[in-house]
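Read through the structure below, which is laid out as structure tokens, and then see the notes.
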Amino acid sequence: MQAKNTTLYIFIFLCIVALPFVFARQKKDDANKIIFWQYWSGTEKKPLEDLVAKFNSEDHGFEVEMLSISMPRKKILMAIAAGVPPDLIHIDGDMVIDLGLRGGLLDLGNVDKEDYIPIYIEMLNVNGKQYAMPLMPTCDAMHINKGLLDEYGLAVPKTLDDIVAVFDTMSSSDAIGWLPSWPPWAGKFIVSSFGGSWGNANGVTANSPENIAAWTWVQDKFASKIPKDKLAAFTEGFHAYQSPDNPFYSGRIAIENSGVWEHRLAGIFAPNMEVVVAPFPSFEKTLATLVNIDALAIPLKAKHQKKAQEFIKWLHKQENLEYLALAQGKFTPLKNHSAEFFSRHENPYINIFIELSNSPNASYFPQVAFANRYKREIKAAYLKVLRMEASAKEVLDELQDKFESQK
17 MQAKNTTLYI FIFLCIVALP FVFARQKKDD ANKIIFWQYW SGTEKKPLED LVAKFNSEDH
77 GFEVEMLSIS MPRKKILMAI AAGVPPDLIH IDGDMVIDLG LRGGLLDLGN VDKEDYIPIY
137 IEMLNVNGKQ YAMPLMPTCD AMHINKGLLD EYGLAVPKTL DDIVAVFDTM SSSDAIGWLP
197 SWPPWAGKFI VSSFGGSWGN ANGVTANSPE NIAAWTWVQD KFASKIPKDK LAAFTEGFHA
257 YQSPDNPFYS GRIAIENSGV WEHRLAGIFA PNMEVVVAPF PSFEKTLATL VNIDALAIPL
317 KAKHQKKAQE FIKWLHKQEN LEYLALAQGK FTPLKNHSAE FFSRHENPYI NIFIELSNSP
377 NASYFPQVAF ANRYKREIKA AYLKVLRMEA SAKEVLDELQ DKFESQK
């Protein structure tokens, strides 16, 4: 018994002696590593993993540990609120606004804007503070099922009247030329084609003349002509966007507005469909689009802010951003792309997205703290317009009143 007690005492003594060394080692390991949370999965996640592995194989004095998370908004908010955030986070543009306005992100200071497509830097600058850097951008463009248009002897639309003509020509068939309610963000996008937007630094602009004109066009030229049961079938019957059930992939919609990822997804879910991409026509016959961004930000209370900034700077080397964009079928936020980038890209229309992003008529969702609620209300208001429950002006005036006093 005494021998056993002696052994136990020796073990406890050794543990006590060793603990400082264990914690010292752990502290040293933590000092040489940053924690990076990201939310991509599958084919989008893999090239980012490759870049992290490449960084860790080089001599930078520290390593990056990348962790993939689900429900990023909830988990990031909880970590920041608890004061235990990771060193670097991958977030979308709306989250930058939300977290920045709440004081949860580090101001990254002045950046060399000349290197980037202006709008992707501008939309991440909130009240004069650069709260994030762009990673992978996107914008909306018109995607066309060329074979379906060919069946009806229709050309790729170049004007808004052409869109109406495609719709009217195909109105008696099971398919539909252009559906103003697909994809789910169609109502938010379409105002761009009339020079409208959803807000600016002074507040929301839901009932601007341009927005009213856009939604009135939708009512007069499309919603008033679509039988309610057919509209309901299209607006409520398709929920799985990334699946063969998507009405664009299944050949039930000839034209849709979607982001840069669409060409790749169509190749997966409708490999025999010929997809043509072009700018969606605009009222003023200029390039117009709605942009969004995946971004990189550093929580204000992150432990290793300087190292996180070093990693962002490394990721933003042209070769690294182009590697990521090529692997994901996207483009980079950089103003210039290499000749090799265009020659190797799987999307023959990738230059269109870059041109649209550089257009002075490109716009983004306003920098408001209530962005998520505003989007939900826009969607609900648009459904009223599609169902002909009220005029576009009445609906948008009501929407403006809801948010008039908020900023």
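Here the sequence shown is numbered in our numbering, starting from 17 and rising by one per residue. All residues carry an ideal CB built from backbone N, CA and C; glycine is no exception. Predicted model, so just to flag it, every value in this text is computed and none were measured.
Reduced DSSP category for residue i - H, G, I as helix; E, B as strand; rest coil
| i | result |
| --- | --- |
| M404 | coil |
| V68 | helix |
| L312 | strand |
| A327 | For the record, residue 327 in the displayed sequence is Phe; it is not Ala. Three-state DSSP puts F327 in a helix. |
| Y365 | coil |
| E414 | helix |
| F386 | coil |
| A397 | helix |
| W231 | helix |
| D75 | coil |
| S359 | helix |
| Q321 | helix |
| E420 | coil |
| K44 | Residue placement at K44 cannot be trusted, given a pLDDT of 45 that sits under 50; the coordinates are not used to answer. |
| F37 | At F37, the pLDDT of 36 sits below 50, so the modelled position is not reliable and the matter cannot be decided from this model. |
Proximity of residue i and residue j at Cβ, strictly below 8 Å
| i | j | result |
| --- | --- | --- |
| Y426 | I85 | Outside the shown range of the chain (17 to 423) lies residue 426, about which nothing can therefore be said. |
| F238 | P196 | yes |
| I51 | D103 | yes |
| W201 | A408 | no |
| V276 | H159 | no |
| K395 | G203 | yes |
| F71 | F369 | no |
| L83 | A311 | no |
| V127 | Q383 | no |
| V307 | A378 | yes |
| Q235 | M404 | yes |
| P297 | D413 | no |
| N388 | D110 | yes |
| Y339 | L170 | no |
| I309 | L124 | no |
| V220 | Q416 | yes |
| L303 | E371 | yes |
| T305 | D156 | yes |
| K241 | S187 | yes |
| P105 | A385 | The question names Pro, but residue 105 in the sequence shown is Ile. Not in contact: I105 and A385 (Cβ atoms no closer than 8 Å). |
| F358 | N352 | no |
| I192 | R268 | yes |
| F299 | S213 | no |
| W198 | V182 | no |
For residue i, the nearest candidate out of the options (CA to CA)
| i | options | result |
| --- | --- | --- |
| R118 | P134, N126, D128, A97 | A97 |
| L115 | K317, L399, Q258 | K317 |
| G211 | S188, E226, P199 | E226 |
| P364 | M186, K319, E278, E393 | E278 |
| D166 | A270, L415, A385 | A270 |
| D10 | I242, V172, L281 | Lying outside 17 to 423, the shown extent of the chain, residue 10 is not represented and no answer is given. |
| Y147 | N336, R392, P315, S73 | P315 |
| G120 | A95, K129, A222, P134 | A95 |
| P349 | T59, E74, P153 | P153 |
| W233 | I206, F347, N218, G215 | I206 |
| A397 | A355, D190, D245, A222 | A222 |
| D245 | D75, E60, P63, L402 | L402 |
| S274 | L122, G215, N161 | N161 |
| V80 | K322, F357, K351 | K322 |
| F78 | W53, D46, I284 | D46 |
| E500 | L331, A341, E356 | The structure shown has nothing for residue 500, since the chain only spans 17 to 423. |
| E410 | K145, A229, P101 | A229 |
| F419 | E138, N218, V172 | N218 |
| S373 | P295, V112, Q325 | P295 |
| P101 | H320, Y390, S266, F381 | H320 |
One or two residues paired with residue i in a DSSP bridge
| i | result |
| --- | --- |
| E81 | I51 |
| S373 | Paired residue(s): none; S373 is not in a bridge. |
| S379 | L306 |
| A157 | S274 |
Any chain C beta carbon closer than 8 Å to residue i
| i | result |
| --- | --- |
| V112 | Protein chains in the displayed structure number just one, and chain C is not present. |
Minimum length 4: unbroken alpha helix (DSSP H) runs contained in the stretch 237-308: Within the stretch 237-308, the runs of alpha helix (DSSP H) at least 4 residues long that lie entirely inside it are, in chain order, 244-252, 278-285.
Scan the stretch 330-356 and note each continuous alpha helix (DSSP H) run of 4 residues or more that stays entirely inside, going in chain order. The stretch 330-356 contains these whole alpha helix (DSSP H) runs: 334-344.
For the stretch 160-223, list the beta strand (DSSP E) runs that are entirely contained and at least 3 residues long, ordered along the chain. Runs found: 192-194.
Output the residue ranges of the beta strand (DSSP E) runs that lie fully inside the stretch 77-154 and measure 3 residues or longer, sorted by chain position. If you keep only unbroken beta strand (DSSP E) runs of at least 3 residues inside the stretch 77-154, you get 79-84, 104-108.
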